């Protein structure tokens, strides 16, 4: 079960169907969310491979993706169709959910992300 849902996407087509069904995000913001998760996985994978730093929990990946979303939200025009406010709200909700599911890692993950 992911984020209270009883299904999960297994490919890009299912991801976009899943996002359209369970969120009200525009297609552009759905793509931004996907890119943030992929970028977080890539960055943490590189850190694990080249700096020998372990990925301690799935929440670490989600929190890292949320940090990208919050940063990118500041680069988008606010209000209207820009989506900056929606990105910030979505990132906060996603991070809260991830840290709620992994409370033991919550303090550690947030501290590590803020240090970078």
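In this note's numbering, the protein residues as written are 269 to 384.
Where is the CB? At the ideal position from N, CA and C, for every residue including glycine.
What you are looking at is a predicted structure, and each value in this text was computed from that prediction instead of being measured.
1. Just curious, the alpha helix (DSSP H) that residue 326 is in, first and last residue?
2. Quick check on DSSP: helix, strand or coil for residue 278?
3. In whole angstroms, what separates the C-alpha of residue 305 from that of residue 333?
4. Can you give the Cα-Cα distance for residue 288 and residue 356, rounded to whole angstroms?
5. Which residue comes first and which comes last in the alpha helix (DSSP H) that contains residue 319?
6. At what residues does the alpha helix (DSSP H) containing residue 358 begin and finish?
With the given structure in hand:
1. 326-343
2. coil
3. 5 Å
4. 19 Å
5. Unbroken run through residue 319: none, as it is neither H nor E.
6. 352-369
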